[in-house]
Amino acid sequence: MSRRSDRKKAERADRLAEERARKALLSGHPVDPGDDPARSGAHGPANDKSQKNQKNPKRPYVPPRGWYGVGGGRVGYLDPPTMWRATTVQACGMWPFAAGSGSPMTGVPLGQHLFTGATVCGDPLNWFTRARYISNPSLFMLGMPGLGKSTLVNRMLIGLAATGVVPLVLGDLKPDYADTVRALGGQVISIGRGRGGINVLDPGAMGAAAARIGGEAGEVLKAETHGRVLNMVAALVTIVRGRPMDDHEQSVLSAVLHHLREHTPPGRAPLLPDLLRVLTEGPDRVRAVTLDRSSDTRYRDAVDPLHRSLLGILDGPLGDTFASETSTRIDPDAPAVCIDISGIGEADTQLTAAAMLAAWSDGLGTVAASHALADAGLTPRRWFFTVLDELWRPLRAASGIVDRIDALTRLNRSLGLSDAKITHTLKDAEALGTDSDRAKARGFVERAGMVVCAGLPRAEMEELGKVVGLSRREIELVSSWSSPPGWGVSGEHEEPPGRGRFLIKVGGRPGIPIKVAITDAERHLHNTNTRWTPNETAVEQALELEQTVAHTAAQVRQAHERGTGRWTA
């Protein structure tokens with residue numbers, strides 16, 4: 024009501040000013056618009072001022088919004104001017120600013136600063152290599168569902184791919200990134216029952232690179248391959264058991280893997296059934312680490328728990344996916360790779376966690392192989408950007424699984440890749456079984472070079488502030504983004520107030536609030552609500568998507584043929 028009354032008062036004042044101006048024009052004595060004839064008498068100061076105005080006539084008063092009435096040019100509302108964005112090279116003649124806005128301009132264009140409107144660019148790889156803003160090329164993102172976390176990472180993925188960086192989406196659960204990878208001309212691998220599997224004993228790209236390099240460097244890579252395979256099998260056993268392996272069991276497993284590597288014919292990768300066969304046979308190398316002292320009873324007592332767990336993998340929920348040969352290997356030369364595990368059911372938590380860990384192990388092994396070949400001068404250097412989405416799924420699979428994730432992802436700085444880990448809240452870490460696991464899961468946030476927050480409840484922001492260091496203003500800002508949309512009465516779809524809004528934190532620096540607006544191409548490639556789309560609309564969107572994918576793939580292929588965007592170091 025106060026705004027309406029203020030507007031009426033302003034309009035009344037405009038009308039009075041117009042009437043006085045008209046009268047002044049008709050009488051030939053223009054008056055000052057600040058004069059008020061009602062307060063002035065016929066004589067006195069008003070007459071003196073009138074005489075002064077006759078000596079120095081003033082221009083007639085024109086209301087700011089124009090005159091009332093027909094032809095008066097009255098404007099009730101002024102549209103904001105259209106905003107155009109361009110680089111200083113493209114719009115150098117129209118660039119009026121003598122100083123920068125203070126927002127980072129290195130990396131993938133993310134969006135606009137929420138308060139200043141300035142362009143904000145950034146990604147963990149460029150902020151580590153070029154800008155030197157962060158000491159670890161990693162990103163940890165938290166936020167409530169449906170606020171655009173994967174959309175922001177998808178933009179980073181597209182922008183980095185345009186500069187020659189290879190995106191690796193290791194475990195796409197919905198899928199969120201498969202269409203984008205196809206549009207970039209990349210490789211999409213499906214994992215799940217009846218779809219495809221991963222042989223966790225297959226050395227993959229690392230084994231092929233070790234054979235190609237040869238010599239001492241090849242032997243070093245073989246040793247690293249052995250450790251990665253051992254870590255992956257131990258992770259599967261941990262998932263099946265629900266607890267970590269014992270130390271002597273890892274020694275037994277390592278001896279079995281060494282035996283298999285030495286006795287498997289070249290060109291063939293061992294399988295999990297081969298591992299069980301070696302345990303049953305009990306060769307001398309395996310018996311030596313069990314301290315059996317030539318006693319079959321002592322040997323069986325030492326290896327039977329591990330034997331039972333491996334049988335549980337083969338005959339349990341994981342067997343169909345991990346007991347056979349790898350259905351499709353990662354192409355080391357692909358411009359982008361996505362391992363799609365969306366075919367696994369939501370309730371199948373063990374298989375989901377195992378598939379994600381296997382995808383991470385295989386993908387990071389491909390990265391290590393690429394860098395080993397580049398170090399040997401056999402291939403050009405390539406940089407990688409890995410996406411580890413829905414991190415809470417494998418964290419809750421079993422106690423001790425956080426150790427396996429930590430071992431797989433800790434050395435990303437030395438491996439020459441950046442990564443983005445995405446989850447919902449820090450409570451995903453608090454739900455772990457032991458204090459040690461919770462502390463290690465918090466370490467993912469503490470070690471991250473960039474921490475990006477979407478909308479989160481206030482209590483969650485208070486907890487995050489103890490780890491990251493958030494000001495009271497930043498906590499209130501991000502908390503306001505977690506509010507639901509209003510009760511729309513017009514029938515139109517209303518988005519949550521926090522969708523597309525993020526706060527970027529780097530160390531103790533003030534956070535950078537941004538607003539991300541996606542393009543039509545991104546909207547077609549990244550629809551996370553396809554199951555809620557009517558069939559007719561879904562068919563139309565699929566046709567449009569095919570056209571977009573074909574057009575984008577052609578552009579990427581042309582750029583690749585010209586040799587643009589490839590970084591070598």
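End of the sequence shown sits at 592 in this note's numbering; the numbers just go up one at a time, nothing left out.
Where a beta carbon is used, it is the ideal one built from N, C-alpha and C, also for glycine.
Model, not experiment: these values are computed from the prediction.
CB contact flag (Pro147, Leu162, <7 Å): By one-based count along the sequence shown, residue 147 stands at place 124. By one-based count along the sequence shown, residue 162 stands at place 139. Yes, these two residues count as a Cβ contact at 7 Å.
Per-residue DSSP class, three states only, for Arg43: The residue given as residue 43 occupies position 20 in the sequence shown. Residue state, collapsed to three classes: helix.
Exposure of Lys172, with buried meaning 16 or more beta-carbon neighbours within 10 Å: As a position in the sequence shown, residue 172 is number 149, starting the count at 1. Classification of Lys172: buried, given that the 10 Å Cβ count is 16 or more.
Alpha-carbon spacing of Met179 relative to Leu449, whole angstroms: Against the sequence shown, residue 179 aligns to sequence position 156. Against the sequence shown, residue 449 aligns to sequence position 426. Near 23 Å, if we compare the C-alpha coordinates of Leu449 and Met179.
Alpha-carbon to alpha-carbon, Gly466 and Glu499: Here the question's residue 499 lines up with position 476 in the sequence shown. Here the question's residue 466 lines up with position 443 in the sequence shown. Distance between the alpha carbons of Glu499 and Gly466: 25 Å.
Sufficient close CB pairs (3 or more, under 8 Å) joining the stretch 530–541 to the stretch 127–136: yes
Sheet register partners of Val474 (DSSP bridge): Along the sequence shown, read from residue 1 onward, the residue named residue 474 stands at position 451. Val474 is bridged to Phe163, Lys528.
Exposure of Arg308, with buried meaning 16 or more beta-carbon neighbours within 10 Å: Residue mapping note: residue 308 aligns to position 285 of the sequence shown, counting from 1. Exposed: under 16 other Cβ atoms inside 10 Å.
Test: Val390 CB closer than 7 Å to a CB of chain B: Included in the structure is just one protein chain, with no chain B present.
Phe345 - partner residues in DSSP beta bridges: Position 322 of the sequence shown, counting from 1, holds the residue named residue 345. Partner(s): none; Phe345 has no beta bridge.
Meets three-Cβ-pair contact criterion under 8 Å: the stretch 249–263 and the stretch 328–341: yes
Host beta strand (DSSP E) of Leu440 (start-end): Taking the first residue of the sequence shown as position 1, residue 440 is located at position 417. Segment 440–445, the beta strand (DSSP E) holding Leu440.
At least three beta-carbon pairs within less than 8 Å, the stretch 407–416 to the stretch 182–194: yes
Start and end residues, alpha helix (DSSP H) containing Val312: For the purposes of this step, residue 312 is taken as residue 289 along the sequence shown, with counting starting at 1. Residues 307–313.
Arg194 - containing beta strand (DSSP E), residue span: Stepping through the sequence shown from its first residue, residue 194 is reached at position 171. The identity of residue 194 in the sequence shown is Gly, whereas the question assumes Arg. From DSSP, the beta strand (DSSP E) with Gly194 extends over 189–195.
Pro132, enclosing beta strand (DSSP E) - first and last residue: Residue numbering aside, residue 132 sits at position 109 when the sequence shown is read from its first letter. Segment 132–136, the beta strand (DSSP E) holding Pro132.
Check: Ala154 C-beta below 6 Å from any heavy atom of the ligand ZN: Absence of the ligand ZN is noted for the structure shown, with no ligands found whatsoever.
Selection from Gly478, Phe345, Thr320 that minimises the alpha carbon distance to Asn222: Walking along the sequence shown from the start, residue 222 turns up at place 199. Among Gly478, Phe345, Thr320, the Cα nearest to that of Asn222 belongs to Phe345.
Cβ-based burial, Glu483 [other Cβ within 10 Å; buried from 16]: Sequence index remark: in the sequence shown, residue 483 carries index 460 (1-based). Under this definition Glu483 is a buried residue.
Pro267 versus Val425 - alpha carbon distance: Within the sequence shown, residue 267 is the residue found at index 244, counting from 1. Within the sequence shown, residue 425 is the residue found at index 402, counting from 1. Their backbone Cα atoms lie some 10 Å apart in a straight line.
Helix, strand or coil at Leu401 according to DSSP, with G and I counted as helix: The residue you call residue 401 lines up with position 378 of the sequence shown. If DSSP states are grouped into helix, strand and coil, Leu401 belongs with coil.
Neighbourhood of Val468 by C-beta, 6 Å cutoff - its chain only, sequence neighbours within 5 removed: Along the sequence shown, one-based indexing puts residue 468 at 445. Excluding sequence neighbours, Val468 sits near Phe163, Val490.
Proximity of Asp371 and Ser213 at Cβ, strictly below 7 Å: As a working note, residue 371 is residue 348 in the sequence shown. As a working note, residue 213 is residue 190 in the sequence shown. For Asp371 and Ser213, no; Cβs fall outside 7 Å.
Secondary structure of Gln210, DSSP reduced to three states: Translated into the one-based positions of the sequence shown, residue 210 becomes position 187. Note: Gln210 maps to strand in three-state DSSP.
Simplified DSSP state of Val360, which is helix, strand or coil: Indexing the sequence shown from 1 puts residue 360 at position 337. Looking at Val360 - three-state DSSP - the assignment turns out to be strand.
Sequence-distant residues of its chain with Cβ nearer than 6 Å to Ser502 (five each side left out): Here residue 502 is taken as the residue at index 479 of the sequence shown, counted from 1. Around Ser502: Arg481, Met484.
DSSP state of Leu411 mapped onto helix, strand, coil: Taking the sequence shown and counting its residues from 1, the one referred to as residue 411 is at position 388. It is a strand residue.
Of the listed residues His447, Gly531, Arg461, nearest to Pro168 (C-alpha basis): Within the sequence shown, residue 168 is the residue found at index 145, counting from 1. The candidate whose alpha carbon is nearest that of Pro168 is His447.
Own chain partners of Ala395 with C-beta closer than 8 Å, once the 5 adjacent residues on each side are dropped: One-based indexing of the sequence shown puts residue 395 at position 372. Here the set comprises Met229, Ala232, Ala233, Ile236, Ala240, Leu244.
Buried/exposed call for Ala592, threshold 16 Cβ in 10 Å: As a working mapping, residue 592 is identified with position 569 in the sequence shown. Because Ala592 carries a pLDDT of 36, less than 50, the predicted location of this residue cannot be relied on, and the following value inherits that uncertainty. Exposed, since its Cβ has fewer than 16 Cβ neighbours within 10 Å.
Helix, strand or coil at Ile181 according to DSSP, with G and I counted as helix: As a working mapping, residue 181 is identified with position 158 in the sequence shown. Helix, per DSSP.
Three CB pairs or more closer than 8 Å across the stretch 348–360 and the stretch 200–215: yes
Cβ-Cβ separation, Val204 to Asp226 (assumed contact under 8 Å), whole Å: Numbered from its first residue, the sequence shown carries residue 226 at position 203. Numbered from its first residue, the sequence shown carries residue 204 at position 181. Note on identity: in this sequence residue 226 is Pro, with Asp being the wrong assignment. In fact, because the Cβ distance is near 24 Å, the residues do not count as touching under 8 Å.
Cα-Cα separation, Leu224 to Met379: As a first step, residue 224 is located in the sequence shown; it is residue number 201 there, counting from the start. As a first step, residue 379 is located in the sequence shown; it is residue number 356 there, counting from the start. Approximately 16 Å between the Cα atoms of the pair.
Whether Gly145 touches Gly125 by CB criterion (7 Å): In the sequence shown, residue 145 corresponds to position 122, counting from 1. In the sequence shown, residue 125 corresponds to position 102, counting from 1. Going by C-beta atoms, Gly145 is not nearer than 7 Å to Gly125.
C-alpha gap between Leu548 and Asn149, whole angstroms: The residue you call residue 548 lines up with position 525 of the sequence shown. The residue you call residue 149 lines up with position 126 of the sequence shown. Roughly 24 Å between the two C-alpha positions.
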